[in-house]
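Step one of this worksheet: look at the structure below.
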Amino acid sequence: MDTLEIGKIIAQRRQELALTQQEVANNASVSRRTLKQNVSPSDTTAGYVLRELAKDSHAWRIDWFGATTYAERYRRSSQPLIDVQISQVPEGITDFHEFFGRRKSQWPNTRRLRLPVGFLPMLKIGDIWRDGKRCESPDYEIATFAELETTRDVCTLIKAGLPDEATGQYFLPLDIHPYHVKFTQSYCLHIEHSDGSIVIPCTELLRFYFGSTSTLVSRLFDAPFKQENFWIDHQMDGTGSAKIHLASGMSGRSATDIGRITFSKTGRQAAELVGNSCIAATARGESAYVKAMFPFSGKTNLSASGIWLPFNGKERGVFLVFRLRSCSHRFPFSRLHYTSECVQARSTKTTAGAAWPAPDASPAFSRQRRDSKLLSDREPDKSKQPRKLDLASEEMQFPDLARKPVSRVDSEVTPTIRLSQQGMSIINSSSVGCEGSMATIQPIELSVADAGTLTSNITTSFPHVVIFYQVLQYLAKQPGFLSVDVVRLSPRQRHDHLSMMPRIVDEDGELLDACVIAQPAPGEPSKVSTRNRHISVARAQELHRTCYLLIPEPDDKESFSLHAIMDCSRGIRTTDDLLGAIALHFSTPSSWNAALQLNEGVTSAKFVTNESRDSAAEKIADELWAKMDRFIHAGSR
C-alpha cells in the first residue's frame, strides 16, 4: 500500500465524522474522539507515579504488550514480568489519525519496558502517559457489536504479525499499524462478525475480564492453576444465589471475576489458559506470549474503542480493539455473597540476635513528593499493608451486575489449635476484656443472658441452638449461679449463640473429626464435602467456680450432646485458656458421663441424649440437663 492510498484512507475516515444518526444506530455504531479525552477525575491513579514512565518529560503512548518472562525472579519473585512497548508522542498532536499510516521513516521513537504483570489492570493500549502519570485516554473510534457470538466456531487465536490463511492478507498491516512489529508472535483473539472482523489483543481480554485487582492477575500467571489461590469454598442454591469464600489476600473487588471462574466451566478454562499458555511456551524454549479467551460462550453486546483497518477490499474490514469498554453477557449467578480474609501486616521489628540485616525490598508504594506516590516495579515489602488503587471507568463494564446484588459477609476467624507433646499453640486468638499491649490478642464480647430474656422460641435453622437456650433457662433458675453469659469465641461472629468450633490439629497436621461437619457436595450429591462445625458456648459463674457449657452442631447421623467444663481454680481467664480447654476436652478420649481431668482444678464431661432427633427440643434439653446437673453437684462436694 503506497502513500497515496494511505492518504485516501485517512481522507475518507475524516469524512466519516459526518456520520448520520441512522448509521450510529446500526449494530456496529462508531463515534469519534480526539486526544483531548481526559482521564476520569475519580481515578485515584492520578495521585501515583509509575517510575518506569517518569524517566523524562515526554508524552508516551502504550503501544503493545509482548512476552512474559519468569526468568527474572531475582527482581520479582512473586510474579513474572511482561514486555510493554511505548512510543513517544510528538508535541502538539491533536488527532489520533496522526498515529497511523505513517511512512516507516516517520515511525516514532519507541522504548521497551519490562513490568510486573500486576500492573496490567492500569495499563491500556492507546493511553497517553506523561511524567509517570496517565494524562489522556483517547477513545479513538468506538464500535458497538450487538449480539456478538463468542463461541469457538467464530473465535480463533491468531498471531498479531501473521497473515490470514484464507486470503494471505494481514489483519494488522504494518504500513498502517506498525506498533506490534516487535511482537509479531503475540496472540490476539479473532472474531468473525457481519460488520467485519474483530481483533482483540489477548492482554486486553485479560485486563478487562480479570483485571479487577493486580493480585488476581498475578495469581493467574502462577501456573498450574490452583483453586486455593483464588477461593477456599463455594456453594450455589437452586435459585442461582451463590456464596464464595475468597482465598487469603484476595480482595472483594475480584469477587465477581472469581465467581465467574468458580461457577462457569468456560470461565475456569479461560482463567487456566493464562498461566498454562505461558508455562507451556517456556517449557518449549519459546517466548511466553499469553493466550486468552472469553470467559463465557454465547452472545453478548460488546463495546470497544480502537481503529478500523482495511482488509480484503473493505476499508473497514478489521476493527482492532485497544480497550474494551463494556460487555453485556450474564454472570453465572443471580446474586453473590462473599467473604474476604484480611491480610495481617507482619511486624517490622528486627529479631534480637539476627546475624544478617533484612534485604532491601522497596515497598510497592513509597512517597516521591507530597502530591504523588511512586509505583515501583520492585518486590513489595511483606511487612507493609497493601493499599488500594481505584481504577475508575466512566462506562459500566458489566451491565449485568447492575441488577445482581453483590455483598460481603464478614467471615468468622476460626482459631487453629495445634497439639503436640511439647504443648499447645493457638493461632488467631482472642481474649476477654479490654485491649492490651499484645496486638495479636483481640477482645471479645460476652452476651449477658438473664432468666427473663432466655427463651427456647429462637428463630434459627440450627436445632442445637434451641436446645442450647433451653438448657440455659434451667441454669438461670439455679440459685447458686451469679450470672449466665453466652460466650462469643470470635468478635466477628454474626450471632451471639453461634460460634465456630476451633480447628484442632495434631502434630502431624491431622484435623480432628469433631471440628467439621460432613455434607453432600453442592451439585454433586454422590460426593462428600466438609465445613467448619458450629458450636454454642455459655458460661455460668458461681462464687468459687465457673462452668462452661458447650453444645456442638450435630450432623445428620449424630445425636445431640452437651459438654461441660468445670473450672474450680479460676485457671480459665482468657479466650485462649478456654480454647485450650476445649481442645483438650475434644481431643482426649473419654466415656460418656465420666469426669475427665484436663488440668489442675479443671475437669470436663460429655453427655449424650437417648432421645431421637425428632423428639421435642424441650424433652432433649430435659434429659441433657438432668445428666449435667448430677455432674455439677458432684463437683461441688
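Just so you know, numbering that gives the first Met the number 0 puts 211 at position 212 of the sequence shown, and the rest follows in order with no gaps.
No residue lacks a Cβ here, since even glycine has one placed at the ideal position from N, Cα and C.
Remember, it's a predicted structure, so these values are computed and weren't measured experimentally.
In this structure, DSSP gives Q87 an extended state, which the three-state scheme calls strand. Taken through DSSP and simplified to helix, strand or coil, C277 comes out as helix.
Contact between the stretch 144-154 and the stretch 181-196 is present: 3 or more CB-CB pairs across the two stretches fall below 8 Å. Per DSSP, the unbroken alpha helix (DSSP H) holding F209 starts and ends at C201 to F209. For A593, same chain residues with a beta-carbon under 7 Å away, outside a window of 5 residues either side, are A604 in chain order. Under DSSP, D232 forms a beta bridge with H244.
S558 is a Cβ neighbour of T608, given a cutoff of 8 Å. If one requires a minimum length of 3 residues, the beta strand (DSSP E) runs lying completely within the stretch 47-73 are 47-49 and 58-68, in chain order. Contact annotation: I157 and C134 have beta-carbon atoms that are not nearer than 8 Å.
If only complete runs of 4 or more residues are kept, the stretch 461-539 shows the alpha helix (DSSP H) at 462-475, in order along the chain.
In this structure, DSSP gives T155 an extended state, which the three-state scheme calls strand.
By the neighbour-count criterion, in which 16 or more other beta carbons inside 10 Å mark a residue as buried, D512 falls on the exposed side.
When L583, G131 and A401 are compared, the shortest CA-CA separation from S419 is found for L583.
Annotation: L400 to P588 spans about 52 Å, alpha carbon to alpha carbon. The bridge partners DSSP lists for L301 are F144 and C326. Note: R334 is bridge-paired with S240 in the DSSP secondary-structure output.
For S327, same chain residues with a beta-carbon under 6 Å away, outside a window of 5 residues either side, are T299, N300 and P398 in chain order. Contact between F630 and A563 holds, since their C-beta atoms are separated by about 6 Å, short of 8 Å.
With respect to the 8 Å criterion, S86 and R60 are classified as neighbours on the basis of their beta carbons. For the set G91, F98, R322 and A254, the Cα lying nearest the Cα of H57 is the one of G91. Close CB contacts of D566 within its chain, under the 8 Å cut and outside five residues either way in sequence, are with R544, T545, C546, Y547, A580, G600 and V601 (chain order). Distance from the CA of V273 to the CA of F224, rounded to the nearest whole angstrom, comes to 9 Å. The way I'd put it, the stretch 304-322 doesn't touch the stretch 216-232; fewer than three beta-carbon pairs between them come closer than 8 Å. If you draw a 10 Å sphere on the C-beta of S276, you find 16 or more other C-beta atoms in it, and that means buried. DSSP, read as helix, strand or coil, puts T602 in strand. Judged by their CB atoms, A53 and G131 are nearer to each other than the 8 Å cut-off. The three-state reading of DSSP puts I81 in strand, counting E and B together. If you compare the alpha carbons of N108, G125 and M499 with that of E203, the shortest gap goes to G125.
Cβ-Cβ separation between E617 and Q477: approximately 18 Å, too far for a contact (criterion under 8 Å). In chain order, F461, H463, I516, R532, H533 and I534 place their CB closer than 7 Å to the CB of E552, counting only its own chain and leaving out the 5 sequence neighbours on each side.
Residue range A254 to F262 is occupied by the alpha helix (DSSP H) that includes I260.
Taking one beta carbon from each stretch, the stretch 260-274 and the stretch 301-308 have fewer than 3 pairs nearer than 8 Å; the two do not touch. The three-state secondary structure of R315, taken from DSSP, is strand.
DSSP lists V83 as the beta-bridge partner residues of L112.
Taking 8 Å as the cut-off, the Cβ atoms of R252 and T212 count as close.
If you look at V405, you'll find it isn't in any alpha helix (DSSP H); it sits in the beta strand (DSSP E) that goes V405 to R407.
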